[in-house]
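To start, the structure itself, in structure tokens.
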Amino acid sequence: MKISPRLQNAISQALSQSMDVELMERLATRVISGYDLYERTGFPANIPIPQVDAARQIASDLARSGTIKRFAEVLVEVNRTGVMGRPVSVRQLSQIVKELEILGYTFREEQGIFVEAGGRARTKGWGVLREGHLYELSCLRVDIVGNTALVRKYSKRIVVQVYNEVRQLFANIVENRDGRLWQWEGDGGVAAFYHGNKNIQAALSGIEMLLELFMYNLFQCPFTKPLQVRLAVHTGPCPFYENFERIRSDTLRRLEVIESEFAENDSLLITPGVYSDMGNKLDSFFTPLRVSRHNLLYQYKLRWE
């Protein structure tokens, strides 16, 4: 995240005008582990650090460590709830929020975090997820059926065109529901959902993909036969890395097995943990599918009355 000098200065002023040095340091440790002001500033241990110097040092360290947005969230929380029962009024808070909005973020009240606003360049982690940290995610996988046969039957130009159009269709559907495309390998990919009703958004994205692909085959696809896909949604813990190849996750491994071994062509499978969030209006779209004695999945397919 690019930090503007105005944002850094607003953080510094907020600290120096709103709290003592001890509290500044305590809040800094919430986002920078083991933070020690004396070590950072070089002041002798027997000399009190002036508030202005402490505030500038913390703001500078936050900017260098890339945690200034997370610290802004801490300041919002402290302004609302105080610290250990003691109220704290954080000055310059509106200016901090304004500067983050200028940088392309918006504050989500219900979650207490700043996320990427619509219209800015989207990152895989919504500007929120941190490298190497574990998160509860809902993941949607899509795979184009019969890739090898398609590559043999059609020219490279046509195959590349169609696959690029399918990728863009999938990405648009996912991002319109606040998901992120994490990986695409020519004939399929994986998207992740983190905020809000993530299981519902992932499942609805899968449904929408099947509906939009039907229309794509009807009016746009240059293939002589309809392009088919398989989709699956699974939810669970997954580490975050910008480089998808670094992710080692049982959640993603199970998702791949569900899609490749159990999903029928032009269908979406969701796991019980996802299905449990569907509610009365959506669960009727899914049919139980017994895949083994102990494993039950739920299937959505296009049906004609």
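So the sequence shown is numbered by our numbering: it starts at 1 and just counts up by one. Glycine included, C-beta positions come from ideal geometry on N, C-alpha and C.
Taking only heavy atoms of the ligand GDP into account, decide whether any of them is closer than 7 Å to the Cβ of Thr224.
Summarising the ligand content, the structure contains no ligands, and the ligand GDP is consequently not present.
When the Cα atoms are used, what is the spatial distance from Ala72 to Cys221?
Position 72 of the sequence shown, counting from 1, holds the residue named residue 72. Position 221 of the sequence shown, counting from 1, holds the residue named residue 221. For Ala72 and Cys221, the distance between alpha carbons rounds to 48 Å.
Identify the continuous beta strand (DSSP E) that holds Leu129 and give its terminal residues.
Against the sequence shown, residue 129 aligns to sequence position 129. Per DSSP, Leu129 belongs to no beta strand (DSSP E) and is neither H nor E.
Kindly indicate which three-state DSSP category Glu264 falls into: helix, strand or coil?
Here residue 264 refers to the residue found at position 264 of the sequence shown. Coil, per DSSP.
Can you tell me whether Thr287 is buried or exposed, with buried defined as 16 or more other CB within 10 angstroms of its CB?
Numbered from its first residue, the sequence shown carries residue 287 at position 287. That one is exposed.
Our contact map puts Ile200 next to Asp277 with C-beta atoms below 8 Å; I'd like the distance itself, whole angstroms only.
Translated into the one-based positions of the sequence shown, residue 200 becomes position 200. Translated into the one-based positions of the sequence shown, residue 277 becomes position 277. Right, their Cβ atoms sit about 6 Å apart.
I'd like the span of the beta strand (DSSP E) that includes Asp143, first residue to last.
As a working mapping, residue 143 is identified with position 143 in the sequence shown. Run containing Asp143: 134–144, per the beta strand (DSSP E) assignment.
CA-CA distance, Tyr216 and Ala203?
Taking the first residue of the sequence shown as 1, we reach residue 216 at position 216. Taking the first residue of the sequence shown as 1, we reach residue 203 at position 203. Roughly 20 Å separates the two Cα atoms.
Alpha carbon to alpha carbon, how far is Gly189 from Thr251?
Working through the sequence shown from its first residue, we reach residue 189 at position 189. Working through the sequence shown from its first residue, we reach residue 251 at position 251. Distance between the alpha carbons of Gly189 and Thr251 is about 15 Å.
Please name the residue, chosen from Gln17, Ile270, Cys139, Asn147, that lies closest to Leu289 on a Cα-to-Cα basis.
By 1-based counting over the sequence shown, the position of residue 289 is 289. Of Gln17, Ile270, Cys139, Asn147, the residue nearest in Cα terms is Ile270.
What three-state label does DSSP hand Thr106 in the structure shown?
Taking the sequence shown and counting its residues from 1, one reaches residue 106 at position 106. In this structure, Thr106 counts as strand in the three-state DSSP scheme.
Can you tell me where the alpha helix (DSSP H) holding Pro272 begins and where it ends?
Taking the sequence shown and counting its residues from 1, the one referred to as residue 272 is at position 272. 272–275 is the extent of the alpha helix (DSSP H) around Pro272.
Nearest by alpha-carbon distance to Gln111: which of Gly196, Gln228, Tyr298 is it?
As a position in the sequence shown, residue 111 is number 111, starting the count at 1. Residue Gly196 is the option with its Cα nearest to Gln111.
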